[in-house]
Amino acid sequence: MYLPPTVDEPASRSADQPQRGAFTFMLHSHLPYVRENGTWPHGEEWLYEALAETYLPLLDVLSDLADDGIRGGVTLGLTPILCEQLADPLVVERFVEYTADRAARANRDAERRTQRGNERTGEAQERAALARWYADRYGHLHDAFTVRYGRDVLGAFRGLQEDGVIEVSTSAATHGYLPLLSTDAAIRGQIREGIRSYERFFSRRPRSIWLPECAYRPAVPEGPPGAGDALPATAQLRPGLERWLEAEGIELFFTETQLIEGGPATSATRGELIGPYGAVRRRRGAPPPADEPLREATTYEPYWV
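Encoded structure:
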């Protein structure tokens, strides 16, 4: 959301005055399609863990703020694949079972640790207290999901958007990596179907989109198949992604900082990634990406494309 000048800060300013800029609090969420995809760690539990540890707590905070008359000022990205799963009756029913099962397991654990002979030790008491905390936590999640939100998380987010508390953003239909799709028809299909999914769940068209992996591609020359880098002078420009976003009525999208400001990009080929992706052994060698020249641009301002 753009922050306009305040009463004490006129819209017109001299060149030596600092820019106030703009700020968007964007929270993006996505999960692959895991419905009936087996068990932990990459089965349905993945979705249930995200619901229990992220989506429901976030919904609680935003709903509490709304009840207090406070607008959250948050843009929330929900991908079509995630929305389809959150609205699926099978997923809904199994999440109810998931929270009830976790609460029951935690209660049994607390009771077992309390009844053991070493219950007077500090460690046993701490573990029993921790188990009771989890029992209360999953009990709250179960009640929030079934009672407060009526088993309809998307409906709750839709209500917050209708009340002006949040703005919900969409994404490509199957989270396809748009710059690498071979045809413009495939790109437009991803965008169009993502919008249709959004309309079904939120009863309006989206204003913004989160491009999968923040991957943007400008207009590029395109020659006949097999031409490679030797493009003929008659090569036509393949439209940039913004062409298809505009055609579907999308007003804004998000990109990475490096695309705007230039400079070096973080890359696995430089050994700059941490966590599991940084430890992946590369099957094929690839040269580090070339650094982009620094630009006199800032992420604190919106841009027309």
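Numbering-wise, the sequence shown is residues 40 to 344 according to this note's numbering.
Built from N, CA and C at the ideal position, the CB exists for glycine as well.
- Item | Arg235 to Ile289 span [Cα, whole Å] | Each residue's alpha carbon lies about 13 Å from the other.
- Which partner residues does Gln275 have in the DSSP bridge list? BP columns for Gln275 point to Glu261.
- Message: Run through the DSSP bridge pairs and tell me what Glu206 is partnered with.
- Response: In the DSSP output, where bridge partners are listed per residue, Glu206 has Thr114.
- Message: Less than 8 Å between the C-beta atoms of Leu291 and Arg246, yes or no?
- Response: For the pair Leu291 and Arg246, the CB atoms are nearer than the 8 Å cut-off.
- Item | Coil, strand or helix - Gly302 by DSSP | When secondary structure is reduced to three states using DSSP, Gly302 falls in the strand class.
- Query: What residue from Trp283, Phe293, Gln229, Leu333 has the CA that sits closest to Gly302's CA?
  - Reply: Selected option, being the one with the closest Cα: Leu333.
- Relative to the alpha-carbon of His179, which residue among Arg141, Ala224, Gly198, Glu335 has its alpha-carbon at the smallest distance? When each option's Cα is compared against that of His179, the closest is Arg141.
- Message: Do Asp106 and Ala183 count as a contact pair if the criterion is CB distance below 8 Å?
- Response: Not a contact, by the Cβ cut-off of 8 Å.
- Query: By DSSP, does Glu331 sit in helix, in strand, or in coil?
  - Reply: Strand at Glu331.
- Does DSSP classify His81 as helix, strand or coil? His81 sits in coil when the DSSP states are folded into three classes, being neither helix nor strand.
- Return the CA-CA distance between Leu95 and Asp148, expressed in angstroms with no decimal places. Approximately 24 Å, taken between the alpha carbons.
- Query: Could you give the distance in angstroms between the alpha-carbon of Cys122 and the alpha-carbon of Tyr342?
  - Reply: The straight-line gap from Cα to Cα measures roughly 29 Å.
- Message: Quick check on DSSP: helix, strand or coil for Phe402?
- Response: Outside the displayed range of the chain (40 to 344) lies residue 402, so it cannot be described from this structure.
- Work out the CA separation of Ser208 and Ile248 for me, nearest whole Å. Distance between the alpha carbons of Ile248 and Ser208: 5 Å.
- When the distance is taken between beta carbons, is Val130 closer than 8 Å to His181? Result no, Cβ atoms of His181 and Val130 do not sit closer than 8 Å.
- Message: When you compare the CB positions of Phe240 and Gln200, do they come within less than 8 Å of one another, or not?
- Response: Between Phe240 and Gln200, the C-beta gap is not smaller than 8 Å, which leaves the two residues out of contact.
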